[in-house]
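See structure below.
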Amino acid sequence: MAGYQYVSEFQGAALQASGDPPANLVVASSPFEGPLSIAFDSHNGLWITFEVIPDNFPPSVIGISRGDLNSIKRGKHVTPKVIVTPRFPAKLAFDRSDNLWITSDTSVAGKLQADIVELRRIQLETTGKHKPKTSITSPGFNPWVMRFDASDNLWIAQFLLASNSVQMLRFAPKDRHASGPARPGLIVNLPYINFVVDFAFDSAGNLWVAGAGSNGDVLEMISAGDLTGTGEVSPTAAMTITSSAFGVLFPSSGSCLGGIDFDNSGDLWVSVGAGDGDCQVNTQLVEFTPSQLSVGGNLAPSVTIGQNPQKTNLFFPGPIRFGPTLP
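Heads up, the sequence shown is in numbering that gives the first Met the number 0, so the first residue is 0 and it goes up one at a time.
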């Protein structure tokens, strides 16, 4: 789980009950700040992008091997791999072949230019600048959050600024085999959510989207059956979840949610700001069980991990990912 200046790992018993458990290990991100996205490769290596990159650094993604993470746990300093990217990197995801896909954007001639790029697994073995194997971009393409489903389809949440709405774009392997304009095989309109923070797939292939709706932060589920075929669809949500644990700072233009992910038991974990209107203090990591998710509605978390009463364990809501060995 990423906070504002570090990434923390929680394992085993730390995830079984509410409270303020110590992290198994903490990775400081200096000189970078604000982990924006985290992803694990098949070898449990950790890859990170950041909101803030120093002026003397090029746009970069850093990678830390599992061996280096074990060294960090023993109090040692390590030197991560630094992969220089063509544009400012945002979100990360690994495909089935361990190639790294990155959403990125930059300003070109005063206009925003966004794309997704693919770096091959072999390129990630060496620090430095590498030419992407694939670069997909086109006018109006505005990719943000990105994940792969169990069938190795690449899904991207795209903002439509003109209509203040969101689309989910599905790129099968054949839809992303070469550079050029974005040609998703399926477009899913999400008119009920106007700001996506993160999304995840459960074991049945259902799509869960976390973000801000018209009345505040919400989780919405789209059934797997509505995610098949090609073309453009506008399905209704099969499940809606709200909670008093969710923040309410910017319900119409932002979100106090930080990220979501499923563990191997089917529990859904959500990084949130507390429901006191302030996203940046009293933040928590909350869990909803499969039985809760099957009912929906306004739910109380089954487990809440957060700061202690002395406020000595503050962390900002950030991205969550379960690594290959967790839990």
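Think of the CB as a built atom: it goes at the ideal place given N, C-alpha and C, for glycine as much as any other residue.
- Taking H176 as reference, the option from E117, R320, A156, F87 with the minimal CA-CA separation is E117.
- Secondary structure note for R146: its beta strand (DSSP E) is the uninterrupted segment 142–147.
- In this structure, the straight-line span from the alpha carbon of G322 to that of G11 is close to 13 Å.
- With distances taken between CA atoms, R146 lies nearest to I101 out of I101, R120, G127, F194.
- With at least 16 other beta carbons inside 10 angstroms of its own, A209 counts as buried.
- Membership of Q122 in any alpha helix (DSSP H) is not indicated, and neither H nor E is assigned to it by DSSP.
- With a 10 Å radius around the Cβ and a threshold of 16 neighbouring Cβ atoms, F56 comes out exposed.
- Here P34 carries a strand assignment [DSSP, helix/strand/coil].
- Contact between P300 and D266 fails: their C-beta atoms lie close to 10 Å from each other, not under 8 Å.
- Inter-residue distance for I221 and A89 is about 25 Å (C-alpha atoms, whole angstroms).
- Scanning its chain for C-beta atoms nearer than 6 Å, with the 5 sequence neighbours on each side dropped, one finds around D197 the residues V144, A209, G258, I259, in chain order.
- Within the model, the alpha-carbon separation for G224 versus V294 is close to 19 Å.
- Judged by their CB atoms, P20 and A27 are not nearer to each other than the 7 Å cut-off.
- Contact between G212 and I192 holds: CB atoms are separated by about 5 Å, below the 8 Å threshold.
- In the three-state DSSP reduction, P85 falls in the coil class, being neither helix nor strand.
- Going by C-alpha positions, V271 is about 10 Å away from S242.
- In this chain, N163 is not harboured by any alpha helix (DSSP H), its DSSP state being neither H nor E.
- When the Cα atoms are used, F158 and R73 turn out to be separated by approximately 42 Å.
- Nearest in C-alpha terms to K132, of all of N98, N43, P318, W154, is N98.
- Spatial neighbours of D151 in its own chain (CB-CB distance under 7 Å, excluding positions within 5 residues in sequence) are listed in chain order as D94, R95, P172.
- Per DSSP, I71 lies in no beta strand (DSSP E); the unbroken alpha helix (DSSP H) holding it starts and ends at 65–72.
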